[in-house]
Each structure stands twice: as structure tokens, then as C-alpha cells.
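**Q** Chains as they are written, first to last, in this note's numbering: chain A, 1 to 378; chain B, 379 to 637; chain C, 638 to 1003; chain D, 1004 to 1161.
#1: My assumption, with CB atoms under 8 Å, is that residue 748 of chain C sits in contact with residue 893 of chain C. Please give the rounded CB distance.
#2: Once you ignore the five residues that flank residue 973 of chain C on each side, which residues in its own chain have a CB closer than 8 Å to its CB?
#3: Could you name the residues of chain C that residue 397 of chain B contacts, counting a contact when the two beta carbons are closer than 9 Å?
#4: What residues from the region 213-234 of chain A come within 7 Å of chain D, judged by C-beta to C-beta, listed N to C?
#5: Residue 1038 of chain D to residue 1031 of chain D, Cα distance in whole Å?
#6: In chain order, what residues of the same chain lie with their CB nearer than 6 Å to the CB of residue 1053 of chain D, ignoring the 5 residues before and after it?
#7: Which residues in chain A sit within 7 Å of residue 700 of chain C, going by Cβ to Cβ distance?
#8: Taking the runs of the alpha helix (DSSP H) that are 4 residues or longer, which of them lie wholly in the region 743-801 of chain C?
#9: Is residue 572 of chain B close to chain A? Criterion is C-beta to C-beta, closer than 8 Å.
#10: Skipping 5 residues on each side, what residues in its chain have a beta carbon closer than 6 Å to that of residue 369 of chain A?
#11: Going along chain D in order, which residues have a C-beta closer than 7 Å to the C-beta of residue 336 of chain A?
#12: Please identify the residue among C:964, C:885, C:821 whose C-alpha is closest to the C-alpha of residue 867 of chain C.
#13: So, is the C-beta of residue 809 of chain C closer than 8 Å to a C-beta in chain A?
#14: Along the chain, which unbroken stretches of the alpha helix (DSSP H) at least 4 residues long are found entirely within the region 102-190 of chain A?
#15: Count the C-beta pairs between the region 1094-1111 of chain D and the region 224-244 of chain A that are closer than 8 Å, then say yes if the count reaches three, no if not.
#16: Are the region 45-58 of chain A and the region 322-333 of chain A in contact at 8 Å, needing three or more beta carbon pairs?
#17: With a threshold of 6 Å on Cβ separation, who are the neighbours of residue 1059 of chain D within its own chain once the five nearest residues in sequence on each side are excluded?
#18: Does the beta carbon of residue 509 of chain B come closer than 8 Å to any beta carbon on chain A?
#19: Could you tell me whether the region 38-45 of chain A touches the region 334-342 of chain A, using the rule of 3 or more Cβ pairs below 8 Å?
#20: Measure from the C-beta of residue 818 of chain C to each C-beta in chain A and report whether the shortest distance is under 8 Å.
#21: Any beta carbon of chain C sitting closer than 8 Å to that of residue 9 of chain A?
#22: Going along chain C in order, which residues have a C-beta closer than 7 Å to the C-beta of residue 412 of chain B?
#23: Out of C:916, C:704, C:801, C:823, which one is the CA nearest neighbour of residue 884 of chain C?
#24: So, with DSSP's three-state summary, where would you put residue 464 of chain B?
#25: Candidates A:224, A:365, A:109: which alpha carbon is nearest residue 180 of chain A's?
#26: Cβ atoms of residue 850 of chain C and residue 915 of chain C: under 8 Å apart, would you say?
#27: Return helix, strand or coil for residue 357 of chain A, following the three-state DSSP convention.
#28: Given that residue 379 of chain A touches chain D, what residues does it touch there, using C-beta distances under 8 Å?
#29: DSSP three-state label for residue 538 of chain B, please.
#30: Where residue 129 of chain A and residue 168 of chain A are concerned, what is the direct C-alpha to C-alpha distance, given to the nearest angstrom?
#31: Anyone know if the C-beta pair for residue 138 of chain A and residue 157 of chain A falls short of 8 Å?
#32: Does residue 1082 of chain D come within less than 8 Å of chain A when only Cβ atoms are used?
#33: Out of B:504, B:632, B:580, point me to the one whose CA is closest to residue 565 of chain B's CA.
#34: First and last residue of the beta strand (DSSP E) that includes residue 28 of chain A?
#35: Taking only the alpha-carbon atoms, compute the straight-line gap between residue 1049 of chain D and residue 343 of chain A and give it to the nearest angstrom.
#36: Helix, strand or coil for residue 605 of chain B? Go by DSSP, reduced to three states.
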């Protein structure tokens, strides 16, 4: 019997359709159907100036907007031959790690709710709000930040932010202990999640699965360590690893990653306190043009030309390895922008970790993948 | 180097306690929120309300509604019509094409004063326009409630934006620093015909036409018919709006990297 | 004129009626009085159910660091009445391929069968059915009709999710009927009666929760499964089955399901109070001021019921849902042996006659 | 140098297949290969050079020809390698990488529907993001977005 889980279904966390063939309560075959949220971001980017693509990046993944901004900006800077100042690198690490915290907390909330437990959902949303408050304080937005610019970031931190961030980090560490008590301390949680959705290390590599799913299988790959970008090579942190490759292991890896993120943020905040400086590179136009002349001014002709280049960047997004490939052919718009979404690949391997389990296991397994359809469909 | 994220012993479930630990955690939260839950009863309690700010327990050091931090919020725009120079930069920088420059009274008939009109049905509140505004007359305020009953009401005319400005809401105080050695307007001198169009249309009047010496024609060479003047751009006053480039009939002005 | 009636309060009504309208045949008066009493009981149980929903929402809100309903009426007390009115006004739609008879009778029968149980449960002295010697069995039998009606409505709504939910519901309820009934046997062994009133009266010295703690645990777990509440709410597991067996229902039919769910929750709490927590009585050593006011029995009965339900809410706020196979495994392999052990324990307690000893422990008995 | 190492190694193994090797910022280099030798290159890169993880497959439309870009990651070298091949736009087809790297599956489906590049021997080449039967290939340069005036929604007076 084929049943459609989606596009409107509590399990999907987004807009996609998981067709499931079931035999009693056992899953025999699956077929994901994507594209319900396809907005053609790669196509729209071809008609936009480099800075204006940032607004699209925030909407690519709605829980990790700033990580995608970071990804795109790195590629665009390489394509445009711009080198950002050093303080900017640390600021970018700061916001990316805070975004990772926010994204993982959001994941925790949604995942535990899939298991039928509502209160951690609200605890998670409450604690994520603190991070959003910080984002609001220095980017002005709570969900769509528009913080990065080619050549730097929009603005420096307002005074007093670093102290507030430190306080929040201390508070969050207590909350993580509370999360663990609610989940790991519960026998029901363990019986639900142990030995569930197992995807062993070898299969992970074959199917191109990245991120916490891969590290939960024991593969030590983290682009922040293996191929350091921004300021990650100057910061101390560990790669979170687990070896059971099941849902519990993914939970553990994400929890440990959050603790490591807090560790990184504390170091970055200390560095930022002692190293003031510019946050925007010199020689970069503050405003990189407009997509079209405004209505009523079609006669306007505004052209800037950049020397050609191709930019490739890869970051460890909260969901896994994300890459951007930006081709600059000298025009005011990029010639081609290609994004690799980690969830896109993790989802494409869904058959290998869903078949054979129960229907009731689909929500926690898909929850442990951390599906963000915005970045799958782009 | 790599930390192994094994569960600590105290967090692993105890077969005797079974579900006691999560239940105790929930009970602790119950007792905590008996006095006042963390939620804010929005229409009745507002974060931007200074009287309410003191009542919120801030145990986590989070900046919820505290002074300058709240003011960074990117909300509805405020426009000071008096200082607007009609440079078009906001309209150019808008990724959603929601800004239209419309004529407002106050300009001379030849060069009507134009100010932005914003369609909030399209606006994505990215703030590029206020970042681009060279005079700081278009800023974003903390106003976030924008529900209207009819769609045309979403379009805010310059006058309506000016009303927002006059309500003296907290303005977004962050001004984007202009980078050093920004690209500037450069002249491809041999093409120029000295027509004065750029200087006439420059919103900041930073272009002056200076005389250039008329070269003596070599025998057999025909001098171009032109006015022997060339624009000189005062880079410190220039707001990089590009109006001069777009009005130049010979396309002899271009963006150049600062020396 | 002598009026025979099942109910103490009903006979009061009948006497009043007979004195007001003399000359009416006795059987008519009895009938009328019973109808009036039934209406009172119905209204009381419905209002209680709706208030129970409010209570859960408020309590759950505090567990989750939020407020719950708060705008309609004082502290949102009228919110659920407003919701009920809204549902009442809504159209009910039936899927075109659904089976009409089952689709409409399923929720109705589910609701009615849950309501009928209230006629059996004693609430306080005078508000009971003094002459039903097997009231406990009757209540449990009607209580266990539900899976049938759920399955009918699930199957007839012609939806795969509904069908799966109905299947799960039937399997789960049958699996947990058994330990519940065995746990009840323990109570019956100790109290020596199937009559709920007698069982309550037996607990005037000590509550059965103390000697029969094992049976209490089994009964509470079984009741959680019967009531389909987290952690055993998998028939309507929101995450994978949307709403389980009531996916296709809307409007008043959905309201029937919703109400019946909470009715069953109320009945479950009441049964726990009656069987294990002394019903409307308080231990005799408490100050008499606490029991010497009008309707004191009903008051304490409601307080206990709501506290028991509060424990269910607490469990809901802190535990995730289990899986079907795990649930059934726990039901058959853990709960049934535990229940049997509790019966043996109860029998042993009766045989060695040490039950009165518990009453002598200071602070517990009288 | 490691950057030259991988490219040179590949060129030494498959002199016919590898067309150019050039340095590329952030990777071990960018290797352009002839599309007719795709499978050999894939095998050599995966089995001999140890690039077990295929990050993405992307198509670029250069109007006259189409480029397919493969980004590969090696856990031993901890570095990326960029493979690229150029196809004729009139007959754009290349051997599928899915049998070797299953992660290429959806990427190739996407490249097929977006840039109109056919991947031979792909197990399941059907629409992924676009609806079934969608006749256009949106990421081709010939596929123009609407002008903003055309998108202007006529405001309905209420």
C-alpha cells in the first residue's frame, strides 16, 4: 500500500512529499518527491547584483540563513577577487556559530515534537529566541538577516553585545543539560531512538551524506577542521563524533556540536573585544548596483565591470557540507550560481535509512536528518 | 583532537528511575513558570514599551527589548522629505523593485523633486535602501505592525513615510560605514563633449565644469565640435549614485577604481 | 406515596415532584425524576469534560513555560465553550467514498457509550446507584466498547491513515484491557465487592493505593493506553498518522470525538479515584471541618479527580510517544505479569489478614 | 606540490582523457577531461586517487557548449578536486556518475532538467524539482525571466 506523507503532513517540516510503500506497519519502499518549494534561486541570481543575492540566501534555509549568506559571500568574494578584513572573518564565525546553535535548537525542538513530546519544543523555541534577539541586535532582522556584504559585513557589533553574548552562552549551557535530562534520561526516548535509521559509515560516504549524520557514523569529517575557512583555523574546538550511526547518535552529535559552538563563540567574543578594526574591505563599492533600473527610469544605464573569476566555497553548514560555485564572467550579475545543499543529498539517500523500519519511525528518522526544504528545493 | 560525544553517565536512563528524570525536569519548569511564564502577552505587553521592559526578568542576559538593541530592528521606513536629494539610490539598491520615485512638491519645474514611494506588499525589509541613502534621510524604524485591510494601503507615499518620520520612532542607529577608496566616477576625456548634462543633473552638485584648453588643430585634422569644458567630480561630496553616468549622452563617464 | 428509584438524589426529585403535582401515577413520577436526574448528570459530565480540557490546557501551558488559554472568560475558562460553539456551527463533510452509516454512527456511538458510564459511577453519598452490585464490571464493560466504535469510524472514513489509526487503536485497547481487568481483580479481592460504592466505603480507613501500589501502577498505565494519551497516543499519533482515526472528521463529529476522549479521560481519573484513592471519603483522622460542609463529598471527589488528571497531564508534558510494537510488548510481557503479581499480592494480604495492620500505621489509617 | 600532484597523476594514468590541468583556488586543481572518457576518469579518480565523496554535479550553460562540473572530496587528502567537462550544446550527453557515486543521482536529475544535459545510463532520469512533463530547461541562458513590468500585478480596487 502506497501512502503519501506530504506535501501537507506533520512529518515533513516543509513542503515535500514522501511516498511510502508499507506492509502493515513496515516500510518497504520510499520515493521522495521534491520541488514544492522550488523558487529558482539559482536562476534569479543570474539577474541580480552580487549583494542582492544575499537577500535570497536568507530565504534559502529559513533556520540557517546566515550560514548560507556566509557560504555565498565567500564564493562571491573569491569570484570578485575581494579580500575581507580580519575582524570580519571573526564576526562571520561568530554569527555562523550562533546560527548553528539556533538551527540545532530548532532541530531539537522539531525532532522531539516528532516523537510526540511537546514541551521541549517550546523550551527549544524559547531558547532559540534568545539567539534571535542577538541577531536582531546586530543585524536588525530576526529571521532574514542581510548581514554580510561582499567585502565584509554590514556593521560592527553594537556596544555591550559581547557581554550579553557571554551571559547567554552560560545560560544556554544549562539549558543543554536540561535537554539531555528530558531526552537521554528518558527510557522511552532511548527505546524509541536506539538502533533506528542506522546508516553506517561506508554507506554515508557512498551516498554523499554529510554533516551530523556522517559524524554520527564515526567519520571524522568537518570542513571547519579539514579545510578551515574564515577564522576557524585560529580557534580551538573538537569535532563531535559518535559511532552507533542511529538516531540517538545524531542527537548526541548535535548536542555536542552545540557545546563546541558555545566554546567557539566564547573564544571569538574574547578576540573581538581586543581587536577593533574595519569590518569592510577597502576598494569595494558599498552598493553593488541594482538589478533593473527603477520603474519610470528605464533609460538609466548603470554598468560596472569586474575582472573575471570563479569562486568556490564550502562551509560546514548546520546540516552538513554546503558548497557554492559562483562564475563571474565580468558582468554586473554572476553568470551562474550553483549551490550544493547538504539536505538535498542527505534526502536523496533516504531509501537506505528508511526501508525496513516502522511507519512510526519515519518521523524521528526524518527528524534526525534535519530536513530544511527551503535549501533542498532552492 | 576529536571529542567523542558519548552520553555522560548521569544522563543515561536509569532502569529503576525509568522516566523519573524527565518528569522531574518538567515539574521544575512547572514550578518556575507558576509565577510568570516566559511568554509575552503581545498585544497587551510590548517589548518596545519602556515601562514594560523593567518587568521582564532577564535571567539569561538576552537583549530582549533593551534600549539601543531593540532600536536596531529593521521595520517600516521613515523618510525625511526635507533632506532627500532625489538621488535615486534607494530605488536602485532595492532588490524587490518596491521603491518608486514619485514627484513631490518642492522642486523646480525642470528638475522635479522625487522621493521614494514604497510598496510594502513587495518590500522584504532588507535595509539596502537605508544603507544606500547618502543623506540618512531614509531610515528604518522599529515600527513592525503593518496590517491593512486593503492592498493599496500597503503603498506608502513619500508623505506617508514622512509622517512615520515625524512620529519620532526610534530610528535604526546603525549607519553603514562607507569603505575607504570606494569606486568613483571617472571620465573618459576624449569622448566628452562638455554638454553639462552631468553637472546639471547631479543631485549633490559635486560636478563642476572646468575649462579645458582647446588644442590647436594640426594641419589636416578636424577638431571635434564640442564645448571645451570637462566635468570634475568632487569625490568627497559624490554619493556614487550614477545619475551622471546614465544621463551622459556619449557614455564617457564610468566607474573607476580609486587610484 | 412510595417512590422507588435507582438514585438517592433521583428519589429526592421524585418526592418533590409528587408533592408538587399530586395525583400523578407513581411510575410516571419515577420516570420523570430519572429523566431529570439523567439530564443533570449529562450536563454535569459535559461541563466537567469541557472544564477538564481547559484544565489540561492551562496545566500543560505551565509545564511548557507558556500560559494556555487566557482570553475568553476569566483566565480563558470559556475558551472551550467558544470552541465547542464554533465546532457546532461548522458543516460536517463526509468523504465521497466513505461509508455513510459507519461514518456517522461511529463517533456518535463512541460518545454515547462513554456518556453511559456516568450513570454507573457513584459520585458521592446519595449520588450513587445503591442497588447495582456489579457496577464496576458494568463500567469496565461499557468502557471497553470504544475500540469497536473507533474501528468502525476509522474504517468507514476510507482513509489509509484513519485505517492504520483504527487498527492501532483496536490492538492497543485490547492489549491493555487485560492488565486493567486483572488489576481490578486485586481491588475486588481486597474489598470483596464489585460494587463501586462498597469499594469506596471499604477505603474509609486506608486507601487501596497503599497496599495495592502495584495494581495502581498497572491500572494507571493501562488507563493511559485506554485513554489514548501520551505516551500511548499512537492511534492518533500526530507525527506520522496526521490525526489517526479522526483525520477525516470535522465539525460536530470531530467535537464528538474530542469530547468523548476527554470524557474517557475523566472516567479513567474517576475510576482511579474510586478504586484506589478512597472516592469521596477522606481518611477519618483529617479534621472534620474539612468534611462537614454541604456537598463536601462531591468537592473532595472532584479535587481528587482533577489531581489524578493533573498527573496524566504531567506525564504528557514530559514523555515522548512509544511505538506500536513496543507498546504491545510492554502490555503483554510486562503489564500482564505485573497485574497477576498484584492479584497474588492482594490475595496474600487478605489471607494473612494483615490488611487491618496498615490501618494502624500512624499517618495512614485512622 | 600536491596541487600538481593529483592532476599530473591523473594525466599520467589517462593521457587521452585529461585535456587540461589548471590550479583552482581552494581545491587541488581543476581537471578538464574529454566527455568520451568520462567513466575511465571517474574510476581512476574514485578508486586510484581516493576521492570517495562526490560533493555535487552542476551544469553550466555556455550557450555554444555546456559544462558539467564535478566537485570531489578526499578524506585522506582532505581536499577538493574539481572535474570539468565540456559538451556540445546540440548533443549534450555524458556518462552518468551515479553507478560510482550514488550521491550523484539527484544532482544529475537536477542538471538534466535545469540545463538539459543527458546523463547516459542514469538509473532514474526524471524530473526532480519541476513538475513531470515540464518542457523547459530553466537554467539555460535562452530561458529568460519575465521583465518586471510583465510581473506587475494589477492592483484590484476593493
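The C-beta atom is built at its ideal place from N, Cα and C for all residues, glycine as well.
**A** Considering the structure as presented:
#1: Between residue 893 of chain C and residue 748 of chain C the Cβ distance is about 4 Å, and since that is below 8 Å, they are a contact.
#2: 815, 816, 819
#3: Residues of chain C passing the Cβ test: 868, 952, 955, 956.
#4: 221, 226, 227
#5: 21 Å
#6: 1077, 1079
#7: 119
#8: Whole alpha helix (DSSP H) segments, 4+ residues: 772-780, 783-793.
#9: By this cut-off, residue 572 of chain B is not an interface position.
#10: 346
#11: 1063
#12: C:964
#13: no
#14: 119-139, 161-183
#15: no
#16: yes
#17: 1074, 1110
#18: Yes, its Cβ sits closer than 8 Å to a Cβ of chain A.
#19: yes
#20: No, residue 818 of chain C lies away from the interface with chain A (no Cβ there is under 8 Å from its Cβ).
#21: yes
#22: 699
#23: C:801
#24: coil
#25: A:109
#26: Their beta carbons are not under 8 Å apart, which means residue 915 of chain C does not touch residue 850 of chain C by this criterion.
#27: coil
#28: Coverage of chain A is limited to positions 1 through 378, which leaves residue 379 of chain A absent and any answer about it impossible.
#29: helix
#30: 11 Å
#31: Yes. Within cutoff.
#32: Chain A places a beta carbon closer than 8 Å to that of residue 1082 of chain D, counting this residue as a contact.
#33: B:632
#34: Counting along the chain, the unbroken beta strand (DSSP E) around residue 28 of chain A starts and ends at 26-33.
#35: 23 Å
#36: coil
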